Amino acid sequence: FAEAGISLDGIGANNDHFRGKSGAFEAALTGIRNCIALGIRVSLRLTITRYNYQAIPEIFQLVETEGVDRVCFYHLAYSGRGSSLREEDINHAQTRSVVDRICEHTLGLYQRGLQKEILTVGNHADGVYLYLKLKKDNPQRADTILELLRTNGGNNSGIKIGAVDDRGDVHPDQFWWHYSLGNVQQRKFGDIWTDNTEPLLKGLKNRKGLLKGRCARCQYLDLCNGNLRVRAEAVFADVWAEDPACYLTNEEIGINP
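Here you go:
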C-alpha cells in the first residue's frame, strides 16, 4: 500500500456522535497505531463541518502525538439536488478562520522540524486565499505560488479527474455519484471520457464560458476554474452557477459593486 487513509470527524465523543457509533474514535485511533507500527504511511482525513471546525488544534496535536505523516482537511462537498448536507457546513467567516488555523499550525510544525504533509481539499478558493495572504507578507514567494496555481489550473473534475464506481459507472469526480457518464462494461473508458456529445462532460472540459454569477466575473478564474460544480448544482439546481462555498470577498476577486 502507498498509504492507509483513515477518516475522523472530530476528537473523542464528538467523532462518535457524528459517526453514530460509540467507540468509533478509539477504533480509528487503534487503526492509526496499528498501521504506523507496521510501517504503513497514514493519511488522516477529516471533513470540516459545524461539529468539528473548532477542533483544528486538537487534530494537529493528534497528528503530532501519533506520528501521522499526512492529513487532508476536506471542505464539505454537498452534492445532488436537495442535498441536506449543506446544513452541516460552516459559514464563510468560519471557513477563513479554519484555513488560517490550518496554516498557522502547519507553519508551527515546520518551524519545529516536523515535516508533515498538510492538504486542504475540495475548495479551490484556498489557493487564491493563500496567494493573497502571501502577496502582502512575502511578494516574491507569492509570485512562485501564482505560477504553481496557474500550472495546476484549479478544479479538474471531468478533465484530469474522474471516478469509476463498483458497478462500472463513470463519474466526473468522486462527488458526482448521482450522474453517470457511461459504463465501462458497455464502452471503453477512453471512449466515454472523450465523448464530446455528453453534455455535462463537454461543459466541464470547457466551462469558463458557461459559468455564471461571481465565478464568471472573478479575476482569478484561471486559478480556480470555477471551483466545485457539484456544490453549485446542489444549492442552485444549476451546474454553472457560482460555487456557494467560495469565501473570497468581491473586493478580493476584483468584482466592483
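Under my numbering, the first residue of the sequence shown is numbered 1, with each subsequent residue one higher. No residue lacks a Cβ here, since even glycine has one placed at the ideal position from N, Cα and C. Because the structure is a prediction, the values reported are computed rather than measured.
1) Contact criterion: CB-CB distance below 8 Å. Does LYS208 meet it with respect to chain C?
2) According to DSSP, is ALA220 helix, strand or coil?
3) Got a sec, what are the start and stop residues for the beta strand (DSSP E) PHE60 sits in?
4) Whole angstroms are fine: how far does the CA of SER79 sit from the CA of PHE175?
5) Give the secondary structure of ALA234 by DSSP, where H, G and I count as helix, E and B as strand, and everything else as coil.
6) Buried or exposed, going by whether 16 or more other CB atoms sit within 10 Å of the CB of GLU233?
7) Looking at TYR131: is its Cβ nearer than 8 Å to the Cβ of LEU149?
8) In whole angstroms, what separates the C-alpha of ARG33 from that of GLU66?
9) So, ARG231 versus ALA93, is the Cβ gap smaller than 8 Å?
10) May I ask you to report which of helix, strand or coil DSSP gives VAL71?
11) Specify the secondary structure class of ASN152 as computed by DSSP and reduced to three states.
12) Could you pull the start and end residues of the alpha helix (DSSP H) that THR106 belongs to?
13) Looking only at its chain, what residues have a beta carbon closer than 7 Å to the beta carbon of ALA27, apart from the 5 residues adjacent to it on each side?
Well, looking at it:
1) Here there is only one protein chain, and chain C is not present.
2) Residue numbering aside, residue 220 sits at position 220 when the sequence shown is read from its first letter. According to the sequence as given, residue 220 is Tyr; it is not Ala. Coil at TYR220, not helix or strand.
3) In the sequence shown, counting from the first residue as 1, residue 60 sits at position 60. First-last for PHE60: 56-66, but that is the alpha helix (DSSP H), not the beta strand (DSSP E).
4) Residue numbering aside, residue 175 sits at position 175 when the sequence shown is read from its first letter. Residue numbering aside, residue 79 sits at position 79 when the sequence shown is read from its first letter. Approximately 6 Å between the Cα atoms of the pair.
5) Position 234 of the sequence shown, counting from 1, holds the residue named residue 234. In the structure shown, ALA234 sits in a helix (DSSP, three-state: H, G or I).
6) In the sequence shown, residue 233 corresponds to position 233, counting from 1. Buried is the call here.
7) The residue labelled residue 131 in the question sits at position 131 within the sequence shown. The residue labelled residue 149 in the question sits at position 149 within the sequence shown. One thing to note: TYR131 has its Cβ within 8 Å of the Cβ of LEU149.
8) Here residue 33 refers to the residue found at position 33 when the sequence shown is read from its first residue. Here residue 66 refers to the residue found at position 66 when the sequence shown is read from its first residue. Those two C-alpha atoms are separated by around 7 Å.
9) As a working mapping, residue 231 is identified with position 231 in the sequence shown. As a working mapping, residue 93 is identified with position 93 in the sequence shown. No. Outside cutoff.
10) Residue 71 sits at position 71 when you count from the first residue of the sequence shown. The answer is strand: DSSP assigns VAL71 an E or B state.
11) As a position in the sequence shown, residue 152 is number 152, starting the count at 1. In the structure shown, ASN152 falls within a helical segment according to DSSP collapsed to helix, strand and coil.
12) Your numbering for residue 106 matches position 106 in the sequence shown. From DSSP, the alpha helix (DSSP H) with THR106 extends over 92-111.
13) The sequence position of residue 27 within the sequence shown is 27, counting from 1. Taken in chain order, the list of residues that qualify is empty.
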